[in-house]
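Asks: Each residue of the sequence shown is one higher than the one before, counting from 16 in the working numbering.
The structure is given below, and queries will be raised subsequently.
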Amino acid sequence: MRLRRLCWVVVAMTGLALDAPASAQERHFLGPQAGPPGPFTAYWLAQAWDDRKPRGPAEARGIVLWSHGVSGTKPQYGGSPPRTIRRLADAGWDVVKIQRNPSYENTWTNAGLRHVADLVKRADDAKAAGYKRVIAAGQSYGGAISIEASGRTDAIETVIAFAPGHGSDAATTSHMRLFDNLTEQLAGALRAAKAGRIVVAAAGRDALHPHELRGPKLRAALESEPRRRFVLFDETMPLDGHAAAYAPEFDAWYGGCLAWFIESSGAAPGETACRAPGAEHPFFVPPDLRVEPPVAGVPRAVAALSGAWTGALDPDDGQRWLVVVTRVAADEIRYLFATDAGSDGKRTRGSFTRVGRRVGDKFVSTDSAGWKHEILLGDGSVLQFARSNPAGDRRWTARLARTTLAP
């Protein structure tokens with residue numbers, strides 16, 4: 016009986032027989048980017064990463080059922096869960112993506128509730144199959160699905176919801192838009208959730224939830240059950256935007272705390288505060304960022320690029336830049352570049368890692384969107400930096416001064 020139950024958890028909606036042996040289940044488990052196995056398949060399961068195959072209930076610490084977001088009828092199932100969720104896979108959890116066919120997406124009261132019912136069934140079946148713990152997790156629409164499902168079953172022990180929302184029409188101006196009620200709808204779902212542990216990230220400057228502070232309402236909803244343990248990342252978090260949980264800094268700063276909160280029996284009822292070490296720095300700098308010594312034998316002008324540099328671009332738009340050249344070799348450099356919140360405190364901060372390759376007297380890097388960076392060789396007194404837009408008709412230059420990584 017247990018084997019037959021397990022088969023449903025692993026191969027539901029993939030077309031395999033429910034009594035298939037475990038080895039066949041694993042072989043037929045769909046890959047992370049695989050589309051619907053059939054033209055009329057509404058839901059199917061996929062492993063979250065190619066190198067993290069599910070272990071099954073006998074070996075895994077538990078199972079994470081991940082639900083992705085929604086963007087009209089555009090496919091959203093190809094993405095991976097953020098690095099914080101991969102930590103759980105690395106720790107021995109099975110992480111499984113519940114994929115949804117975008118052809119069947121429409122309103123929350125129709126498709127959304129079907130998604131919730133599907134997740135509830137999968138959570139119940141996972142528990143019946145022998146998984147010791149069940150986590151429902153998701154991004155955006157998937158976060159709302161996870162919270163709502165928790166109110167309909169006792170099988171879900173923990174909910175992780177990043178930027179949760181029931182579908183936003185915030186960009187419209189219609190007097191019939193639903194956006195203005197979404198926070199109340201989300202708060203109601205949190206009050207009804209049965210999970211004993213809940214993680215919610217609701218960052219500031221979320222384009223799908225503008226013109227409001229969601230944090231106070233969500234905290235009140237989470238506190239409505241005094242025995243509940245929760246972590247809330249609200250607008251005071253030093254990360255912005257709808258995809259804040261996907262930023263490398265989110266995992267670097269909060270991943271360890273969240274892993275402890277989810278795994279530990281020591282988390283007390285009420286709120287657990289996960290704080291960002293060094294988050295007071297004006298730039299997002301991963302706490303483990305290190306500058307390597309220059310590779311032996313590199314030219315002096317190349318070695319002089321190593322280290323941290325900061326300044327404003329010309330023309331100045333009020334935002335400062337940080338460039339940290341972490342590794343230099345004769346024909347290649349690796350660097351992090353970051354932007355602050357601007358002189359008005361309202362600009363989007365971010366940081367990205369790039370690799371520049373030697374072209375004449377400079378190192379050049381172009382990202383997938385077409386933005387181009389150039390770092391010129393010099394004597395080490397300044398870092399000569401240039402940035403060009405994809406069209407090539409706008410160019411910013413800077414002479415960045417050497418700095419330290421301390422706040």
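Where is the CB? At the ideal position from N, CA and C, for every residue including glycine.
#1: Bridge partners of residue 64, per DSSP?
#2: Nearest CA to the CA of residue 281: which residue from 123, 382, 244?
#3: For a minimum of 3 consecutive residues, which ranges assigned as the beta strand (DSSP E) are wholly contained in the stretch 324-361?
#4: Quick one: what's got a C-beta closer than 7 Å to residue 49's C-beta in the same chain, skipping five residues either side?
#5: Could you compute how far the alpha carbon of residue 266 sits from the alpha carbon of residue 276?
#6: Within 8 Å, do at least three Cβ pairs link the stretch 125-132 to the stretch 301-317?
#7: Using the beta-carbon count (16 or more within 10 Å), is residue 140 buried or exposed?
#8: Suppose you measure from the CA of residue 145 to the CA of residue 78; what does that come to, to the nearest Å?
#9: For residue 82, tell me which candidate among 331, 92, 197 has the shortest Cα-Cα distance.
#10: Out of 46, 326, 97, 242, point me to the one whose CA is closest to residue 154's CA.
#11: Could you round the C-beta distance between residue 178 and residue 63 to whole angstroms and report it? I think they count as a contact, below 8 Å.
#12: Secondary structure at residue 255, three-state DSSP: helix, strand or coil?
#13: For residue 166, which of 208, 199, 416 has the nearest alpha-carbon?
#14: Using a Cβ-Cβ cut-off of 8 Å, state whether residue 308 counts as contacting chain D.
#15: Give the DSSP-derived three-state secondary structure of residue 10 in the structure shown.
#16: Assuming residue 347 and residue 370 form a contact by the criterion Cβ under 8 Å, report the distance between their Cβ atoms to the nearest whole angstrom.
#17: Is DSSP giving residue 58 helix, strand or coil here?
#18: Following the continuous alpha helix (DSSP H) through residue 288, name the residue where it begins and the one where it ends.
#19: Taking the C-alpha atoms as reference points, what is the distance between residue 38 and residue 89?
#20: To which residues of the same chain is residue 340 closer than 7 Å at the C-beta, ignoring the five residues directly before and after it?
#21: Going by other Cβ atoms of all chains shown within 10 Å of its Cβ, with 16 needed for buried, is residue 374 buried or exposed?
Replies: Per the coordinate set shown:
#1: Bridge partners of residue 64: 67.
#2: Nearest option by C-alpha distance: 244.
#3: Counting only runs of 3 or more, we get 335-343, 347-354.
#4: Answer for residue 49: 61, listed in chain order.
#5: Answer to the nearest angstrom: the Cα atoms are 14 Å apart.
#6: Because the criterion of three Cβ pairs below 8 Å is not met, the stretch 301-317 and the stretch 125-132 do not touch.
#7: With 16 or more Cβ atoms within 10 Å of its Cβ, residue 140 is classed as buried.
#8: Approximately 10 Å between the Cα atoms of the pair.
#9: By alpha-carbon distance to residue 82, the top candidate from 331, 92, 197 is 92.
#10: Checking every option, the nearest Cα to that of residue 154 belongs to 97.
#11: The pair is not a contact, with the Cβ atoms about 18 Å apart (cut-off 8 Å).
#12: Residue 255 falls in the strand class under three-state DSSP.
#13: Closest in alpha carbon position to residue 166, among 208, 199, 416, is 208.
#14: Absence of chain D from the displayed structure is noted, only one protein chain being present.
#15: The structure shown has nothing for residue 10, since the chain only spans 16 to 422.
#16: About 6 Å separates the Cβ atoms of residue 347 and residue 370, confirming a contact at the 8 Å cut-off.
#17: Residue 58: strand per DSSP, three-state reduction.
#18: Going by DSSP, residue 288 is part of no alpha helix (DSSP H) at all; its letter is neither H nor E.
#19: Note on residue 38: pLDDT 33, under 50, position unreliable in the model; the coordinate value appears next. Each residue's Cα considered, the two are about 33 Å apart.
#20: So the list reads 320, 321, 322, 348, 350, once near-sequence residues are dropped.
#21: Residue 374 comes out exposed.
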